[in-house]
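Q:
Protein chains in written order, with the numbering used here: chain A, 1 to 134; chain B, 1001 to 1059.
1. Mind reading off the beta-carbon distance from residue 95 (chain A) to residue 1022 (chain B)? Whole number of angstroms is fine, and I expect it under 8 Å.
2. The beta strand (DSSP E) spanning residue 13 (chain A) covers which residue range?
3. Pick helix, strand or coil for residue 31 (chain A), following the three-state DSSP scheme.
4. Answer with buried or exposed for residue 114 (chain A), where buried requires no fewer than 16 other C-beta atoms within 10 angstroms of its C-beta.
5. Give the C-beta separation of residue 83 (chain A) and residue 1019 (chain B) to the nearest angstrom, bearing in mind that I take them to be a contact with Cβ-Cβ under 8 Å.
6. In terms of alpha-carbon separation, which member of B:1040, B:1024, B:1033 lies closest to residue 109 (chain A)?
7. Quick check on the DSSP output: the beta strand (DSSP E) that includes residue 1004 (chain B) runs from which residue to which?
8. Taking only runs that begin and end inside the segment 34-85 of chain A, name each unbroken alpha helix (DSSP H) of 4 or more residues, in chain order.
9. Pull the bridge partners of residue 1032 (chain B) from the DSSP assignment, please.
10. Looking at the secondary structure, which residues open and close the beta strand (DSSP E) in which residue 1018 (chain B) lies?
11. Return the CA-CA distance between residue 71 (chain A) and residue 64 (chain A), expressed in angstroms with no decimal places.
12. Quick one: does residue 110 (chain A) have its CB under 7 Å from some CB of chain B?
13. Opposite residue 1039 (chain B) in the DSSP bridges: which residues?
14. Just the Cα atoms here: how many angstroms apart are residue 42 (chain A) and residue 36 (chain A)?
15. So the candidates are A:38, A:5, A:54, A:57; which of them puts its Cα closest to the Cα of residue 48 (chain A)?
16. Please name the residue in B:1041, B:1043, B:1011, B:1034 whose C-alpha comes closest to that of residue 105 (chain A).
17. Is the CB of residue 67 (chain A) under 7 Å away from at least one CB in chain B?
18. Can the beta-carbon of residue 1004 (chain B) be found closer than 7 Å to that of residue 78 (chain A)?
Here it is as C-alpha cells:
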C-alpha cells in the first residue's frame, strides 16, 4: 500500500510537551485526544479552582463525522518514490499534537477546549483611568 | 466513485513552524485516512466581569 519514502534533511523542535509526539518512521494508527479547561482569572493570587470536565457540555457532545454515501475506489501511482523536505524547525509541539515523518495508516485527532475568563470589575475601571492619564 | 492519483515529484524546501498545538497534526508522508475534530468554547458568558465568584458549573 505504502510506496513513498519521506526524506527529511533535518528536524528540530525546542519543546515537545503535554503528551505530544515526534514520530519518525511508519505508523499504523495515531489516535490523539486533548481536553483542556483554560481558566484566566485577574487576581493577585491564583489558587486551585474546583472545576471538572463533566460540568461542561463541550466535553460531552459527540463529534460529528461526515458520512460516506458511496464507495470510493482509489488508485495511487507514485512515479517518484520520494517526498523530499529540507530543514524543519518547529518551536513548540503541544497538547497531544503529532509531528510525523513517514507513512501512516489511519489518523484520528480530537481537541476540546473550554475557555473561561474572570475579570473583577473594580480593577478593570482603575486600569482604564491609569491608561487615560498616560 | 473512481479516484485516481498520480504522484510526481514532491520537493519542499525548509519549513519553519511556530507551533503545532491542540491535537494538531503535521505529517510528511502518505496516509490512508485522517479524521480531525476540534471544539473551542469561549462564549460571552465565559467573560465574567464583576465580584469574585467561584467558577460555577455550566449546564
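All C-beta atoms, glycine included, are put in the ideal place defined by N, C-alpha and C.
A: Checking against the coordinates, here is how it stands:
1. Reading the first chain from its first residue, position 95 is the one you call residue 95 (chain A). Reading the second chain from its first residue, position 22 is the one you call residue 1022 (chain B). Their Cβ separation, rounded to whole angstroms, is 5 Å, which keeps residue 95 (chain A) and residue 1022 (chain B) in contact under 8 Å.
2. Along the first chain, one-based indexing puts residue 13 (chain A) at 13. Going by DSSP, residue 13 (chain A) is part of the beta strand (DSSP E) stretching over 5-16.
3. Looking up residue 31 (chain A) in the first chain gives position 31. In the three-state scheme derived from DSSP, where H, G and I count as helix and E and B as strand, residue 31 (chain A) is classed as strand.
4. As a first step, residue 114 (chain A) must be located in the first chain, where it is residue number 114. Answer is buried; the Cβ neighbour count reaches 16.
5. Stepping through the first chain from its first residue, residue 83 (chain A) is reached at position 83. Stepping through the second chain from its first residue, residue 1019 (chain B) is reached at position 19. No, residue 83 (chain A) and residue 1019 (chain B) are not in contact; Cβ-Cβ is about 23 Å, not under 8 Å.
6. Taking the first residue of the first chain as position 1, residue 109 (chain A) is located at position 109. Minimum Cα-Cα distance from residue 109 (chain A) among the listed residues B:1040, B:1024, B:1033 corresponds to B:1024.
7. As a working mapping, residue 1004 (chain B) is identified with position 4 in the second chain. Start and end: 1002-1007.
8. DSSP runs (the alpha helix (DSSP H)) wholly in the segment 34-85 of chain A: none.
9. Looking up residue 1032 (chain B) in the second chain gives position 32. Note: residue 1032 (chain B) sits in no beta bridge, so no partner.
10. As a first step, residue 1018 (chain B) is located in the second chain; it is residue number 18 there, counting from the start. DSSP places residue 1018 (chain B) in the uninterrupted beta strand (DSSP E) bounded by 1015-1020.
11. Indexing the first chain from 1 puts residue 71 (chain A) at position 71. Indexing the first chain from 1 puts residue 64 (chain A) at position 64. So the alpha carbons of these two residues sit roughly 20 Å apart.
12. Against the first chain, residue 110 (chain A) aligns to sequence position 110. Residue-level contact by beta carbon holds for residue 110 (chain A) and chain B, with a gap shorter than 7 Å.
13. Position 39 of the second chain, counting from 1, holds the residue named residue 1039 (chain B). In the DSSP output, where bridge partners are listed per residue, residue 1039 (chain B) has A:112.
14. As a working mapping, residue 42 (chain A) is identified with position 42 in the first chain. As a working mapping, residue 36 (chain A) is identified with position 36 in the first chain. Taking the straight line joining both Cα atoms gives about 19 Å.
15. Your numbering for residue 48 (chain A) matches position 48 in the first chain. Checking every option, the nearest Cα to that of residue 48 (chain A) belongs to A:38.
16. By one-based count along the first chain, residue 105 (chain A) stands at place 105. Ranking the options by Cα distance to residue 105 (chain A), first place goes to B:1034.
17. As a working mapping, residue 67 (chain A) is identified with position 67 in the first chain. Cβ-Cβ to chain B under 7 Å: no for residue 67 (chain A).
18. Taking the second chain and counting its residues from 1, the one referred to as residue 1004 (chain B) is at position 4. Taking the first chain and counting its residues from 1, the one referred to as residue 78 (chain A) is at position 78. Pairing residue 1004 (chain B) with residue 78 (chain A) gives a Cβ-Cβ distance that is not under 7 Å.
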